[in-house]
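Novice:
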């Protein structure tokens, strides 16, 4: 029975996998068919648009639109042909060839070396620009074809003013999303693609960009996780393990602590609620590089906490809490406690907000049924909070996997593991930071980034599929 | 019978009182724990102890309460470092980027929440996934993309980077808009309002908490970021540091003079004052925003 | 979707199209943050002199910027195009800068080459050169020297006691304090045992990339093992030496937790702040091998002088700078004997100039500053210029592959695992392999 279910599941996954391909194939085929049809059926203007973007619009007296399309084509071609240089690396058609070779000129003492890193980056940017240009190219033809249809139907082609009005109403999403999408493509999508590509090169500390050429190496860097005695194969497992342990405890302690604190402050009879709350909120408002530095100094061996404990005769020798701790777990537990200090006020604020929103009628109904305050709390307040905040748990778990400041500023990954860069408290992200920013081992860093991504993405997908908001959205289908 | 009831009520009252007392004790302990580090920074910024050589002791010391206090550290901070410049830089960056980011975030959130169009769901999915990539590697790429725009190592570059990321941070605001009933918009539509008018005249006036929440976070961001800003500004451009970068280098440089801790602390206090004031005065909206948006 | 793509492309095209219309950038010089004012003033003088001598305006505006000199090379390499035309680096960063086809320009003019040859001690001349494509060039122009010295607390340690670790140790036992706190555990600041040499003969069996050859590393000499064993006794004692705590060495000095530290010129202000009038400065102490720590040919009673990396900070020039014609003349001036002497007096920069201690009058003053300078100069006799400039790998292998921690593990012997000679030898074998190849032995 179980077995059957498994194979059923497998088949299900497989068929979904293929259906994605079939879907893509179909949509590309349809697009192509439409493209051909438009060329066949279109007016002379539309036909011309295939070469000179905007020609069709001008033919239909949509001058401004036509000119805009034409300027875009001219700008695009100018960029591609002229290939302007940034740091002596061209950006344009040349960058496509460079993307594959990653540079050919090894340079000499008087001659600059090709900058492989920029060639890779500009290749990615160039593909991005071409991709976007193709999209615009399609839309220019479509726009002209639409004007054809309008004229055929006896209407006039839309004027520029009408187009603008549409942007404020039916096509309002276009107007609103455009600036956001430009920003996201330029500063998130293209850099992310570039970063993924780095994982397939030998761009490391021995191949500094602009001084030594680097090259494509396929999946070698991924194999390095499982083979050899290098940093990545020895330390990947332990770091991943601690990252997950950390994310679990950081999330759960903050969650429980936050709810506890909120209940405490919002308890009937406690006065000056706002002031209590405000004091805790100070930690959210204070930049973390300040508060964490303070924490580190206070907990240091000869810091105020240890001197106080010694003066009270609770201990004889100072306790080493953080980077110099004798045992990894001392440092780890300390970090989790400090993280409570950092994170609990946030959960507390949120829970306070929810407490104010518990539907009053629930309590009234309970009172009529003769429930005591305690019972009302036990059977109404708590379940309500848990129910409402569940999605928050998932987001904060993922947030903690990639949490950087707490570890980086408190221990810098220490206590050290002699002989390796990743220390006992290093998370995947802080290790990644050390490898790339401090050690220039970009390719290995990129592999770790991809691994981190796979973990967080899996967690996200699993949880969103189950969450209420997801089901309401019924996205992903 | 009556007596028993009174007794019960009394014991109930007294048990309630003990429970309140315990709550107050716990709260007080927690407050001490929470304020201890913050107060430590404040005390350090005021510490003006001199050693036998007559030199201001600027290093970290082990005692919690300073033996002498004064404003010497603040004087040095403003007279002998570039801090005032950094402060103005940060104010400039955050004032402009918070306006742009708030507009971007809110418009994306509105569109994602209330309008139905073809690519909506794929955009939602892509946005979820994109946000999960660790950003350190892409910093180099972003640096050179900015360079292609001829913007690197300027404050405008920072503004651009902070604002450009805003398009992805629409979740909380979207959660807030989701709660606003669609019927409001539908009736407006019947009255002939365009989508842009509904956004400006119906949604925005109802969204004060989320507007303030979004704006507050966007405004505070540049004051706290010491990673991205460091890469984009470059170490050599001390004139264009933000406060976070400047203070970071003050404490974490490799071959630096570590006799500046108290001055660093003074800088921290100056940075914290505007942020904390803003935060506390807007607390009400922050709570409403975060509650409405994040628990949907 | 396509409409916003349209605008996206438009925006991108316009912005990318704007590339290449650069303006006339100023001539930029990066110096250590502590001496910006001094070199700014000097450059103003230089430009005035230039204008007077050539009867024309110096063609560029000059900007002097302060950087953290230990990270300036990395900052430069992040974006060489935006980097300074002239910048300062410690000499061990040379390997990084000249890797591959080099990011910096070699010195070509005879006048500057002559000045470098004439003014600098041989040990500096060895480390400012590097080979690119098999040809050796001079890349660095030394102008500041630096080495590690001993900062100690004169309230507990007499000047005489400060000459030997045993003396400081004895004072620590009397006062029940620690004798020494390291400023940091990295391979630079914890190298005093590893680099120590026989006090009489300056002999040591240790080899670190000798002659700039990658394979020329040797850590398994009898004397090295004996020194580490002595180090064990020093570090394992309750009143001996220790690695720094989270509080930092400054706190340990000012709170009288430990009596001395090994530091560079950049620790000077903090050390002064911590100890006030009680600050003493001298060369690094000696130590004498005891019966317990002998090994092989190393015999008891041998006196070793603690070692240090003796560095020069040098100016280097950007490769293919559009202002290349002017840079060497500026450097001729900035590294000249006269400017070095002024820099010493006004910005407390220890001169790289070889006869500075005898020719510069400021050395003779009875100030703490002069003491610091004198101690550093004396340490040069016992110092090894970091041999990492020849190849960027050396620096990475020595500092970043974890060997400093492995060494500290032997010396601290917290686990007790390193109580046998064999355990020490095994660990040193790993260290040697990491130095040579960056990898652990199979």
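Protein chains in written order, with our numbering: chain Z, 151 to 627; chain A, 14 to 309; chain Y, 5 to 446.
Glycine is no exception: its CB is placed at the ideal position from the N, C-alpha and C atoms.
Distance, Cα to Cα, residue 12 of chain A vs residue 504 of chain Z?
Specialist: Since the first residue shown for chain A is 14 and the last is 309, residue 12 of chain A is missing from the structure and cannot be characterised.
Novice: For residue 599 of chain Z, would you say it is in contact with chain A, using Cβ-to-Cβ distances shorter than 7 Å as the test?
Specialist: By one-based count along the first chain, residue 599 of chain Z stands at place 449. Residue 599 of chain Z counts as touching chain A.
Novice: Tell me whether residue 105 of chain Y sits in a helix, a strand or coil according to DSSP, three-state version.
Specialist: The residue you call residue 105 of chain Y lines up with position 101 of the third chain. Looking at residue 105 of chain Y - three-state DSSP - the assignment turns out to be coil, as it is neither helix nor strand.
Novice: Name the one or two DSSP bridge partners that residue 260 of chain Y has.
Specialist: For the purposes of this step, residue 260 of chain Y is identified with residue 256 of the third chain, where counting begins at 1. The partner list for residue 260 of chain Y (beta bridge, DSSP) is empty, contrary to what the question assumes.
Novice: Between the Cα of residue 322 of chain Y and the Cα atoms of Y/39, Y/147, Y/111, Y/75, which residue gives the shortest distance?
Specialist: Position 318 of the third chain, counting from 1, holds the residue named residue 322 of chain Y. The residue with the shortest Cα to Cα distance from residue 322 of chain Y is Y/111.
Novice: Please tell me whether residue 632 of chain Z has its Cβ less than 7 Å away from any Cβ of chain Y.
Specialist: This structure cannot speak to residue 632 of chain Z, because chain Z is shown only from 151 to 627.
Novice: Using the C-alpha atoms, what's the distance from residue 210 of chain Z back to residue 312 of chain Z?
Specialist: Residue 312 of chain Z sits at position 162 when you count from the first residue of the first chain. Residue 210 of chain Z sits at position 60 when you count from the first residue of the first chain. Rounded to whole angstroms, residue 312 of chain Z to residue 210 of chain Z spans 14 Å at the Cα level.
Novice: Hey, does residue 410 of chain Y have any beta-carbon neighbour from chain Z nearer than 7 Å?
Specialist: Here residue 410 of chain Y is taken as the residue at index 406 of the third chain, counted from 1. So yes, residue 410 of chain Y belongs to the interface.
Novice: Taking CB distances under 7 Å as the criterion, tell me whether residue 384 of chain Z reaches chain A.
Specialist: Counting from one through the first chain, the residue named residue 384 of chain Z turns up at place 234. For residue 384 of chain Z, the answer is no, since every Cβ of chain A falls outside 7 Å of its Cβ.
Novice: Could you check the C-alpha separation between residue 258 of chain A and residue 100 of chain A for me, to the nearest Å?
Specialist: Stepping through the second chain from its first residue, residue 258 of chain A is reached at position 245. Stepping through the second chain from its first residue, residue 100 of chain A is reached at position 87. Whole-angstrom Cα-Cα distance: 11 Å.
Novice: Within its chain, find whatever has a CB closer than 6 Å to the CB of residue 1 of chain Y; leave out the 5 residues flanking it on each side and keep chain order.
Specialist: There is no way to answer for residue 1 of chain Y, as the model of chain Y reaches only from 5 to 446.
Novice: Count the other C-beta atoms from every protein chain shown that fall within 10 angstroms of the C-beta of residue 479 of chain Z, then say buried if there are 16 or more, exposed otherwise.
Specialist: As a first step, residue 479 of chain Z must be located in the first chain, where it is residue number 329. Its Cβ having fewer than 16 others within 10 Å, residue 479 of chain Z is exposed.
Novice: May I have the straight-line CA-CA distance separating residue 434 of chain Y from residue 446 of chain Y, to the nearest angstrom?
Specialist: If you number the third chain from 1, residue 434 of chain Y lands on position 430. If you number the third chain from 1, residue 446 of chain Y lands on position 442. About 10 Å.
Novice: Quick one: does residue 277 of chain Y have its CB under 7 Å from some CB of chain A?
Specialist: Position 273 of the third chain holds residue 277 of chain Y. Taking Cβ atoms only, chain A reaches closer than 7 Å to residue 277 of chain Y, which makes this a yes.
Novice: Excluding the 5 residues flanking residue 186 of chain Y on each side, which residues of the same chain have their C-beta closer than 8 Å to its C-beta?
Specialist: Here residue 186 of chain Y is taken as the residue at index 182 of the third chain, counted from 1. Excluding residues within five positions, the ones whose Cβ falls inside 8 Å are 193, 194, 245, 246, 247, 248, 253, 265, 266.
Novice: Name the chain Y residues whose beta carbon is nearer than 7 Å to that of residue 74 of chain A?
Specialist: Counted from its first residue, the second chain places residue 74 of chain A at position 61. Here the neighbours are 255, 258.
Novice: If we count Cβ pairs, one from each stretch, closer than 8 Å, do we get three or more for the stretch 223-234 of chain A versus the stretch 70-80 of chain A?
Specialist: Result no; under three Cβ-Cβ pairs closer than 8 Å.
Novice: Looking only at its chain, what residues have a beta carbon closer than 6 Å to the beta carbon of residue 198 of chain Y, apart from the 5 residues adjacent to it on each side?
Specialist: Locating residue 198 of chain Y in the third chain gives position 194, counting from the first residue. Taken in chain order, the list of residues that qualify is empty.
Novice: Looking at the structure shown, is residue 202 of chain Y part of a helix, part of a strand, or coil, going by DSSP?
Specialist: Within the third chain, the letter at position 198 stands for residue 202 of chain Y. Strand, per DSSP.
Novice: For the beta strand (DSSP E) that contains residue 321 of chain Y, what are its first and last residues?
Specialist: To locate residue 321 of chain Y, count along the third chain from 1; it is residue 317. Run containing residue 321 of chain Y: 315-322, per the beta strand (DSSP E) assignment.
Novice: Taking 7 Å as the CB-CB limit, is residue 341 of chain Z close to chain Y?
Specialist: Here residue 341 of chain Z corresponds to residue number 191 of the first chain, with the count starting at 1. No, residue 341 of chain Z does not count as interfacial toward chain Y.
Novice: Taking the alpha carbon of residue 423 of chain Z as the point to measure from, which residue in A/82, A/105, A/28, A/37 has its own alpha carbon closest?
Specialist: Within the first chain, numbered from 1, the residue matching residue 423 of chain Z stands at position 273. Comparing Cα positions, the closest option is A/37.
Novice: Going by DSSP in three states, residue 452 of chain Z sits in which element: helix, strand or coil?
Specialist: Taking the first residue of the first chain as position 1, residue 452 of chain Z is located at position 302. In the structure shown, residue 452 of chain Z sits in coil (DSSP, three-state: anything other than H, G, I, E or B).
Novice: Would you give the residue range spanned by the alpha helix (DSSP H) that residue 296 of chain Z belongs to?
Specialist: Your numbering for residue 296 of chain Z matches position 146 in the first chain. First-last of the alpha helix (DSSP H) with residue 296 of chain Z: 266-302.
Novice: Apart from the five residues just before and just after residue 576 of chain Z, which ones in its own chain have a Cβ nearer than 6 Å to its Cβ?
Specialist: What you label residue 576 of chain Z is simply residue 426 of the first chain in a count that begins at 1. 389, 563.
Novice: Identify each residue in the stretch 225-252 of chain Y for which the Cβ-Cβ distance to at least one residue of chain Z is less than 9 Å, and report them in chain order.
Specialist: For the stretch 225-252 of chain Y, which is checked against every Cβ of chain Z, the residues closer than 9 Å are 247, 248, 249, 250, 251, 252.
Novice: Does the separation of the CB atoms of residue 101 of chain Y and residue 66 of chain Y fall below 7 Å?
Specialist: Here residue 101 of chain Y refers to the residue found at position 97 of the third chain. Here residue 66 of chain Y refers to the residue found at position 62 of the third chain. No.
Novice: Is it true that the stretch 292-302 of chain Z meets the stretch 144-151 of chain A, where meeting means three or more beta-carbon pairs spaced less than 8 Å apart?
Specialist: At 8 Å Cβ cutoff, the stretches do not touch.
Novice: Write down every uninterrupted run of the alpha helix (DSSP H) in the stretch 75-122 of chain Y whose length is 4 residues or greater and which is fully enclosed by it, in chain order.
Specialist: Fully enclosed alpha helix (DSSP H) runs of 4 or longer: 76-82, 98-102.
Novice: Mind listing which residues of the stretch 102-126 of chain A have their C-beta closer than 8 Å to chain Z's C-betas, in chain order?
Specialist: Those would be 117, 120, 121, 123, 124, in chain order.
Novice: Does the stretch 331-340 of chain Z come close enough to the stretch 155-165 of chain A to have 3 or more Cβ pairs within less than 8 Å?
Specialist: Cβ pair count under 8 Å is three or more, so yes.
Novice: Name the DSSP beta bridge partners of residue 289 of chain Y, please?
Specialist: Here residue 289 of chain Y is taken as the residue at index 285 of the third chain, counted from 1. For residue 289 of chain Y, which the question treats as bridged, DSSP gives no partner whatsoever.
Novice: Closer than 9 Å, Cβ to any Cβ of chain A: which residues of the stretch 323-339 of chain Z, in chain order?
Specialist: Listed by position, the residues of the stretch 323-339 of chain Z near chain A (Cβ gap below 9 Å) are 323, 324, 325, 326, 327, 329, 330, 331, 332, 333, 334, 336, 337, 338, 339.
Novice: Apart from the five residues just before and just after residue 220 of chain Y, which ones in its own chain have a Cβ nearer than 7 Å to its Cβ?
Specialist: If you number the third chain from 1, residue 220 of chain Y lands on position 216. Around residue 220 of chain Y: 211, 213, 214.
Novice: Which residues share a DSSP beta bridge with residue 246 of chain Y?
Specialist: By one-based count along the third chain, residue 246 of chain Y stands at place 242. Per DSSP, Y/185.
Novice: Quick one: does residue 177 of chain A have its CB under 7 Å from some CB of chain Y?
Specialist: On the second chain, position 164 is the one that residue 177 of chain A refers to. Answer no: the Cβ-Cβ gap between residue 177 of chain A and chain Y never drops below 7 Å.
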